[in-house]
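These notes are about the structure you will find just below.
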Amino acid sequence: MGRPFLFKSLMQSSSNLFPVALISAERRGDLCEDVYRLKPGNSPDGTVELAVTRLGLADEPQARGVPVVLLHGSFSNRRFWYSAKGIGLGAYLTRLGFDVWIPEMRGHGLSARNQDYRRNRVADYARYDLPAIAAFVREQSGQVPHWIGHSLGGITLAAALGGQYLGAPAVASAAFFGCQVSRTYWPLKIPPVEWGGRLLLRRFAHLSGSRLKRGPEDEPIGLALEGLRWYGLFGRFRDAERDWWGGLAEVEVPVLAVSAVGDHQDPTWACRKLFEQIGSLHKHFLCLGREQGFSSDFGHVEMLVSKPAQAEVWPRVADWLRDQQAFLLRESAVVQETA
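Residue numbers (UniProt numbering): 1 to 339.
Have a look at this one:
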């Protein structure tokens, strides 16, 4: 028997941060799925609402392990991390005892489209949304979460770290899968081409994931326009206020960066360039390919969603998280001894 659905009138959460509602609570096999709707009210568009799903063990719904936040990429949603059948890295980590939290970005999955949806950018996600999610997860779990981002999710995480919107109090460690901002698109270095691209894109409100055969979700046109600026002639990974790329050199949290040999969208050399820009002294780079001892040359999606990933990648992610948590516990013990 599934967990009872909670009607809206009874869904107020115990959060003291901002309005939060528990919009569903369901049992999915051996897992429980609680979906919260956050309304942080911290951005210029006050209509922004974010759906954040917490995965737990159905027979131990109150158990709280080490919190991990999973950020999906472009044209995607929470199902990238766990399917309706309970398969995925999110479900895998939950069964190992981690406290898994899966946000869906504005207009994705269960997150409604905000009023100014078409102008949504990574800058908004990094400055407003991730800090709100971090505060909520930390409030609910009582611990500092680890973060894992795939593709655009990783780029957003990098922007939040480089822009100092997220830091050590909100991030225990950061893992980037298939994440880069250095690939060169030479036509965009020609100003008339970039200008023409902007004029063309401004005619649309969003890019259709289904039409482009990129995934189940759409992306706001603001993201595409932002990307044109990054990759233009004098483009840089930043917003109008802060230099995210330069700020990455100040990042001190432990970092894992993973690339895949068969990933032609985010090639290894570009992923490594982002990795090398991060200033953390505790970081590790992993490339998924046959020459590196893996069964195949993984692709952009297959690096996390495939049967080989289940056997070869997911255990490494779990080991990384355990290692970081052990490191944090040792550091905490040293601080207490010297206090």
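Ideal Cβ positions, reconstructed from N, Cα and C, are used throughout, including at glycine. Since we're looking at a predicted model, the values are computed, not measured.
C-alpha of S295 to C-alpha of K85: approximately 25 Å in a straight line. Around the beta-carbon of H264, fewer than 16 other beta-carbon atoms lie within 10 Å, marking it exposed. DSSP, reduced to helix, strand and coil, places F136 within a helical segment of the structure shown.
Annotation for V181: I155, A158, W230, F237, W245, A270, L274 place their beta carbon closer than 8 Å to its own, counting only its chain and skipping 5 residues before and after.
Excluding sequence positions up to five before and after E291, its CB lies less than 7 Å from no other CB in the same chain.
Residues of the same chain with a CB within less than 6 Å of the CB of S173, apart from the 5 flanking positions on each side, are H146, V253, P254, Q324 in chain order. Around the beta carbon of N120, 16 or more other beta carbons sit within 10 angstroms, so the residue counts as buried. Counting C-beta pairs with one atom in each stretch, the stretch 17-31 and the stretch 70-86 have three or more that are closer than 8 Å, which means they touch. R127 and A311 have their C-alpha atoms roughly 36 Å apart.
Put simply, the backbone Cα of L304 is about 15 Å away from that of D319. Beta-bridge partners of L70 (DSSP): I148. P40: not part of any beta strand (DSSP E); DSSP gives it neither H nor E. In the three-state reduction of the DSSP assignment, I278 falls in the coil class. In the displayed model, W81 falls within coil according to three-state DSSP, outside both helix and strand. Here C287 carries a strand assignment [DSSP, helix/strand/coil].
G232 is classed as buried because its beta carbon has at least 16 other beta carbons within 10 Å across all chains shown. The C-alpha of L50 lies about 17 Å from the C-alpha of L152. Burial check for G65: the Cβ neighbour count within 10 Å reaches 16 or more, so the residue is buried. The residue from L329, V317, F327 with its alpha-carbon nearest to that of A91 is V317. In the DSSP assignment, H108 is bridged to no other residue. The three-state secondary structure of R127, taken from DSSP, is helix. Distance from the CA of R214 to the CA of H72, rounded to the nearest whole angstrom, comes to 13 Å. Following the DSSP letters along the chain, one finds E312 inside the alpha helix (DSSP H) bounded by residues 307-312. Contact between F136 and V52 holds, since their C-beta atoms are separated by about 7 Å, short of 8 Å.
By DSSP's assignment, A257 forms a beta bridge with F176, F285. Taking 8 Å as the cut-off, the Cβ atoms of E217 and S76 count as close. In this structure, F285 is the residue among R203, F285, V251, R202 with its C-alpha nearest to the C-alpha of F176. Annotation note: the stretch 194-238 contains the following uninterrupted alpha helix (DSSP H) runs of length 4 or greater, listed N- to C-terminal: 221-231. A distance below 6 Å between beta-carbons, with the five flanking residues on each side excluded, links A170 to the following residues of its chain, in chain order: A134. Nearest Cα to R95 within the set K39, C32, E241, N114: C32. Counting the other Cβ atoms within 10 Å of the Cβ of F204 gives fewer than 16, which makes it exposed. For T184, the secondary structure class from DSSP, reduced to helix, strand or coil, is coil. Taking every protein chain shown into account, the CB of D59 has fewer than 16 other CB atoms within 10 angstroms, so this residue is exposed. Shown here for N42: same chain residues with a beta carbon closer than 8 Å to its own, the five before and five after excluded, namely F18, Y128, P131, A132 in chain order.
If you ignore the 5 residues before and after R78, its C-beta comes within less than 6 Å of the C-beta of T53, I102, E104, G109, all in its own chain and listed in chain order. DSSP places L248 in the uninterrupted alpha helix (DSSP H) bounded by 244-248.
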